[in-house]
Structures are given as C-alpha cells and as structure tokens.
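Asker: In our numbering, the protein residues as written are 8 to 406. Glycine included, every Cβ here is placed at the ideal spot set by N, Cα and C.
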Ligand SMILES: [Zn+2]
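1) With DSSP as the reference, identify every bridge partner of residue 82, one or two as the case may be.
2) Taking residue 351 as part of the beta strand (DSSP E), name the residues at either end of that continuous run.
3) What is the rounded straight-line gap between the Cα of residue 2 and the Cα of residue 265?
4) Taking the alpha helix (DSSP H) that residue 32 belongs to, which residues open and close that run?
5) Counting only the same chain and skipping the five closest in sequence on each side, list residues whose C-beta sits under 6 Å from that of residue 40.
6) Any idea if residue 83 is buried or exposed, counting beta-carbon neighbours within 10 angstroms, 16 or more meaning buried?
7) Going by C-alpha distance, which of 248, 187, 160 and 35 is nearest residue 319?
8) Sorted by chain position, which residues of the same chain lie with C-beta nearer than 6 Å to residue 25's C-beta, five sequence neighbours on each side aside?
9) Check each candidate in 342, 86 and 195 and name the one with the smallest Cα separation from residue 375.
10) Using 10 angstroms around the beta-carbon of residue 281, count the other beta-carbons present and answer buried if the total reaches 16, otherwise exposed.
11) Nearest by alpha-carbon distance to residue 208: which of 216, 197 and 171 is it?
12) Can residue 367 and residue 331 be called in contact, C-beta distance under 8 Å?
13) Rounded C-beta distance between residue 161 and residue 10? I'm assuming under 8 Å.
14) When the Cα atoms are used, what is the spatial distance from residue 235 to residue 217?
15) Please give the ranges of any beta strand (DSSP E) in the stretch 123 to 208, keeping only runs that are unbroken, at least 3 residues long and fully inside the region.
16) What's the call for residue 30, buried or exposed, on a 16-neighbour Cβ count within 10 Å?
17) I need the boundaries of the alpha helix (DSSP H) containing residue 220, first residue and last residue.
18) To the nearest angstrom, how far is the alpha carbon of residue 350 from that of residue 107?
19) According to DSSP, simplified to helix, strand and coil, what is residue 347?
20) Rounded to a whole number of angstroms, what is the C-alpha to C-alpha distance between residue 27 and residue 14?
21) Helix, strand or coil for residue 61? Go by DSSP, reduced to three states.
22) Just how far apart, CA to CA, sit residue 334 and residue 256?
23) Between residue 138 and chain D, is the shortest Cβ-Cβ distance under 8 Å, so that the two count as touching?
24) Can we count residue 356 as close to ligand 1, meaning its CB is less than 7 Å from some heavy atom?
25) Residue 191 and residue 61: beta carbons closer than 8 Å?
26) Given this structure, state the Cα-to-Cα distance separating residue 137 from residue 258, to the nearest angstrom.
27) Would you say the stretch 62 to 79 touches the stretch 126 to 146, given that touching needs at least three Cβ pairs under 8 Å?
28) When burial is assigned at 16 or more other CB atoms within 10 Å of the CB, is residue 58 buried or exposed?
29) Can you give me the Cβ contacts of residue 21 inside the same chain, cut-off strictly under 6 Å, excluding the 5 residues immediately before and after it?
30) Is any heavy atom in ligand 1 found nearer than 7 Å to the beta carbon of residue 339?
31) Which same chain residues end up closer than 6 Å to residue 16 when comparing Cβ atoms and leaving out the 5 residues on each side of it in sequence?
32) Going by DSSP in three states, residue 311 sits in which element: helix, strand or coil?
33) Using only the heavy atoms of ligand 1, determine whether one of them is closer than 7 Å to the beta carbon of residue 336.
34) One question on the structure: do residue 18 and residue 152 come within less than 8 Å of each other, judged by their Cβ atoms?
35) Just tell me which of 34, 348, 337 and 345 has its CA closest to the CA of residue 356.
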C-alpha cells in the first residue's frame with residue numbers, strides 16, 4: 008500500500024547578526040499574536056459562556072488579526088510574513104483542540120525566555136547547491152544540510168533555543184510503499200511511575216543515568232540563578248549556563264527516546280500503549296508531572312510515526328479500561344487499589360501482581376482483543392460514543 012507519510016527534517020541555521028535581529032522581531036510577533044489571541048479567547052469565553060456562540064474559533068481570530076493590523080498602534084505586525092502570524096493562530100487553535108479532545112493542559116502564554124519559533128507554510132525554498140534557506144521578508148539564510156531532504160516540502164518552522172542556536176525544521180510529505188510487518192512480537196507498554204516504561208515482556212525501562220544527572224544539575228543551577236540579583240552580570244552568565252544545560256537535557260532525552268522507540272518498533276509487529284490523553288491522569292498532578300517530564304508523549308509520537316514507516320501495527324488503548332486494577336491472569340478487579348500500591352495480591356487467583364507489569368499485560372490483552380474484533384486494517388476513527396461503547400463492551404468481555 009502506498010502511504011503518504013509526514014516527516015520532519017531538522018537542520019542548523021547560521022543567520023548573520025542582521026538576520027538574527029529580523030528573526031528576533033519575527034519570533035516576537037508570532038509570540039505576541041499567540042498570547043494576544045489566547046487572552047481574547049479566554050475573555051470571550053468568560054463573557055459569553057452559556058450563549059449560543061460561546062467561544063472564538065480560528066476563523067474569528069484570523070479576521071480579528073486582519074483588523075488589528077489596520078490599527079496604527081499595531082502596524083508593526085506588518086513586518087512579519089502574514090502567513091506566519093496566521094500559523095500562530097492555527098497553533099493556538101490546535102492547542103485548544105488538544106485541551107478539549109486529548110486531555111492536554113490548557114494552553115499557556117508563551118514566554119520570551121523559552122524556545123522561540125515561527126512557521127512559514129508557503130513561499131519558502133531551500134537551495135541545496137548554495138545551501139541557503141529562502142523565506143519571505145528575509146535575505147537567504149545559511150543552512151547546514153547534514154542529511155538530504157526527502158519528499159515534498161510542506162512547511163518550515165524556524166526556531167531559536169534559549170542558548171542561542173537556530174534551527175529549521177522542514178516538514179515533508181513522502182510517498183512510501185508500506186507492507187505490514189509479519190515478523191516480530193506483540194507488546195504492551197505502560198508508563199511506569201518509578202521507571203520510564205514497563206513492557207508486557209517484563210522489561211523495566213529507566214531513563215539513562217546521565218540524563219538524571221543532568222536534570223539534578225539543572226535543579227542546582229536554577230536554585231543558584233534565583234539567588235542572583237536581577238539584571239546583574241552574574242545572573243546573565245548563570246542564565247546562559249542554565250539554557251545550555253536545558254539544551255543538553257533535551258538532546259540526551261531525544262537520543263534516549265529515539266533509540267528506545269527504534270528498538271521497540273524493530274522488535275515487534277504490533278505495539279499497544281496506553282492512551283494518556285484522558286483527563287483523569289492529568290488531574291493527578293503528581294503523576295502528570297512525571298508524565299510530562301519523562302517525555303512520554305514524545306515517545307508515543309515517535310513510536311507512532313516509526314511504526315507507520317515500517318508497517319508495524321500501533322494502537323493506543325483507552326485509559327478508562329481498568330488496566331491497573333484488573334488481574335491479568337484471572338480478570339478480578341481490585342477496587343481498592345491506590346496509586347501508592349506497587350504490588351497487590353489477587354483475591355481470586357492468589358497471584359502477586361506487580362502494578363506496572365500487570366498494566367502492560369492488560370494493555371496487550373485489550374489491544375489484541377480489540378484488533379481481533381475490528382481487524383488490523385485501518386478503519387476510520389470511530390465516533391466518541393461508539394468508541395466508548397465498544398471499549399465498555401470489550402472490557403466486560405475480558406472480565
Ligand atoms: Zn487473579
């Protein structure tokens with residue numbers, strides 16, 4: 008089957024000092040638009056809650072942006088490529104949709120001292136001979152193409168890390184013939200509370216020690232930074248140190264996640280993981296923190312696209328199945344299970360149940376049962392209610 012797959016390629020950019028200044032104002036404008044309309048959307052909802060139209064959508068904000076730019080006070084927004092500003096509004100809209108549909112956190116305001124970015128959806132080009140990136144409103148920027156670009160370029164996102172490095176992430180569409188993989192195992196993966204992940208094969212996967220060490224170092228440096236006088240030279244130096252360690256951590260984490268997702272995809276033909284985008288888990292702040300820190304959603308994203316790439320079947324299992332409470336061998340439900348219980352004894356079959364391993368086993372069982380009913384062909388995403396009904400039905404069959 009020929010599939011169209013989206014893949015992002017990331018390259019370092021080396022803008023001149025002059026280009027850096029223009030990029031800074033583009034970052035600032037994209038951030039301003041995002042924050043300004045986030046505020047507008049929040050206020051609109053507060054004022055119109057319960058009315059027929061109670062919230063603003065992308066098109067409302069796009070129209071408001073056009074009007075805003077006509078005001079002399081906001082004329083400086085015309086310095087940016089207008090499509091990039093519209094992209095900011097789309098990102099905001101996506102953040103809202105993640106919040107409502109996928110249980111993500113409510114969108115927050117973007118801060119100046121974090122990673123900065125703006126996207127260019129059209130009218131850009133990369134000259135592979137001269138190694139230059141062409142985007143609207145800027146002179147060509149030097150780009151290092153350490154690997155070839157594949158497929159058709161769809162959009163490019165320019166970013167700057169807090170430590171001052173520039174990147175271009177080029178999103179490409181690639182046509183690929185994918186055969187579904189018939190070799191390898193089937194695996195269920197659960198997010199561990201102490202470990203990063205636990206698999207149905209009984210493997211506990213921990214974040215590498217060097218990553219934890221870097222994280223400890225970051226905590227120390229941040230404490231030191233908070234004690235330095237604002238605006239002082241020492242504080243500025245410390246701020247750069249903190250930004251560098253942030254970069255290092257994100258590189259180390261990406262490296263860990265890529266190696267792990269690669270291994271899991273290459274060892275298996277079917278992968279089942281928990282769908283964490285359900286509000287319950289995020290409501291538990293303590294757990295939510297460990298989830299976001301550990302990069303679980305990035306891990307799932309990688310497994311997803313690598314599976315697609317290699318013809319591996321991947322499915323996320325809905326969280327409201329009792330994956331932790333159900334004994335994987337007899338189906339007894341431990342209604343009194345607390346988050347702190349790492350191990351429990353099944354009152355029906357008597358086995359000692361390890362919480363994480365049990366959950367991974369259940370995820371695998373749920374996943375297999377679900378796919379045996381619907382087959383592994385790609386079906387359309389079912390409606391919400393149908394999905395819930397199906398899951399409840401499957402759950403009761405397993406009990
Ligand atoms: Zn049991």
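Answerer: A quick look at the data gives this:
1) Your numbering for residue 82 matches position 75 in the chain shown. Residue pairing by DSSP leaves residue 82 without any beta bridge partner.
2) For the purposes of this step, residue 351 is taken as the residue at position 344 of the chain shown. In the DSSP annotation of this structure, the continuous segment of the beta strand (DSSP E) that includes residue 351 starts and ends at 350 to 352.
3) Residue 2 lies beyond the range of the chain shown here (8 to 406); nothing can be said about it.
4) Locating residue 32 in the chain shown gives position 25, where the first residue counts as 1. Here the alpha helix (DSSP H) through residue 32 covers 24 to 55.
5) Residue 40 sits at position 33 when you count from the first residue of the chain shown. When the five nearest sequence neighbours on each side are left out, the beta carbons in the same chain lying within less than 6 Å of the beta carbon of residue 40 are those of 92 and 95, in order along the chain.
6) As a working note, residue 83 is residue 76 in the chain shown. Counting Cβ neighbours within 10 Å, residue 83 comes out exposed, since fewer than 16 surround it.
7) Numbered from its first residue, the chain shown carries residue 319 at position 312. When 248, 187, 160 and 35 are compared, the shortest CA-CA separation from residue 319 is found for 187.
8) Start at 1 with the first residue of the chain shown, and residue 25 comes out as number 18. Short of 6 Å from the beta carbon of residue 25, and not among the five residues preceding or following it, lies no beta carbon of its own chain.
9) To locate residue 375, count along the chain shown from 1; it is residue 368. Closest option to residue 375, Cα to Cα, is 195.
10) Looking up residue 281 in the chain shown gives position 274. Taking a 10 Å sphere around the C-beta of residue 281, we find 16 or more other C-beta atoms and assign the residue as buried.
11) Residue numbering aside, residue 208 sits at position 201 when the chain shown is read from its first letter. When C-alpha distances from residue 208 are compared across 216, 197 and 171, the shortest belongs to 197.
12) The sequence position of residue 367 within the chain shown is 360, counting from 1. The sequence position of residue 331 within the chain shown is 324, counting from 1. Not a contact, by the Cβ cut-off of 8 Å.
13) Taking the first residue of the chain shown as position 1, residue 161 is located at position 154. Taking the first residue of the chain shown as position 1, residue 10 is located at position 3. Wrong, their Cβ atoms sit about 16 Å apart, outside the cutoff.
14) Residue 235 sits at position 228 when you count from the first residue of the chain shown. Residue 217 sits at position 210 when you count from the first residue of the chain shown. Computed Cα separation, rounded: 27 Å.
15) As far as the stretch 123 to 208 is concerned, its whole beta strand (DSSP E) runs of at least 3 residues are 123 to 127, 132 to 134, 139 to 141, 148 to 151, 159 to 167, 173 to 184, 192 to 198 and 204 to 206.
16) Counted from its first residue, the chain shown places residue 30 at position 23. Taking all protein chains in view, the Cβ of residue 30 is crowded by 16 or more other Cβ atoms within 10 Å, so the residue is classified as buried.
17) Taking the chain shown and counting its residues from 1, the one referred to as residue 220 is at position 213. Run containing residue 220: 216 to 234, per the alpha helix (DSSP H) assignment.
18) Mapped onto the chain shown, residue 350 falls at position 343. Mapped onto the chain shown, residue 107 falls at position 100. Roughly 34 Å between the two C-alpha positions.
19) Here residue 347 corresponds to residue number 340 of the chain shown, with the count starting at 1. Residue 347 falls in the coil class under three-state DSSP.
20) Here residue 27 refers to the residue found at position 20 of the chain shown. Here residue 14 refers to the residue found at position 7 of the chain shown. Cα to Cα, the separation comes out at about 27 Å.
21) Position 54 of the chain shown holds residue 61. In this structure, residue 61 counts as coil in the three-state DSSP scheme.
22) Mapped onto the chain shown, residue 334 falls at position 327. Mapped onto the chain shown, residue 256 falls at position 249. As the crow flies, the alpha-carbon of residue 334 is around 37 Å from that of residue 256.
23) The structure shown has no chain D; it contains just one protein chain.
24) As a position in the chain shown, residue 356 is number 349, starting the count at 1. Yes.
25) Within the chain shown, residue 191 is the residue found at index 184, counting from 1. Within the chain shown, residue 61 is the residue found at index 54, counting from 1. No, Cβ-Cβ distance for residue 191 and residue 61 is not below 8 Å.
26) To locate residue 137, count along the chain shown from 1; it is residue 130. To locate residue 258, count along the chain shown from 1; it is residue 251. Going from the Cα of residue 137 to the Cα of residue 258 covers about 28 Å.
27) No, because fewer than three Cβ pairs between the stretch 62 to 79 and the stretch 126 to 146 fall closer than 8 Å, the two stretches do not touch.
28) Here residue 58 refers to the residue found at position 51 when the chain shown is read from its first residue. Looking at its Cβ environment, which holds fewer than 16 other Cβ atoms inside 10 Å, residue 58 is exposed.
29) For this step, residue 21 is matched to residue 14 along the chain shown. Here the set comprises 149.
30) Here the question's residue 339 lines up with position 332 in the chain shown. Of the heavy atoms belonging to ligand 1, at least one sits nearer than 7 Å to the Cβ of residue 339.
31) One-based indexing of the chain shown puts residue 16 at position 9. In chain order, 156 and 177 place their CB closer than 6 Å to the CB of residue 16, counting only its own chain and leaving out the 5 sequence neighbours on each side.
32) Working through the chain shown from its first residue, we reach residue 311 at position 304. Of the three classes helix, strand and coil, the one that applies to residue 311 here is helix, per DSSP.
33) As a position in the chain shown, residue 336 is number 329, starting the count at 1. Set against 7 Å, the gap from the CB of residue 336 to the closest heavy atom of ligand 1 is smaller.
34) As a position in the chain shown, residue 18 is number 11, starting the count at 1. As a position in the chain shown, residue 152 is number 145, starting the count at 1. Taking the C-beta atoms as reference points, residue 152 is found nearer than 8 Å to residue 18.
35) Here residue 356 corresponds to residue number 349 of the chain shown, with the count starting at 1. If we check each option's Cα against that of residue 356, 337 comes out closest.
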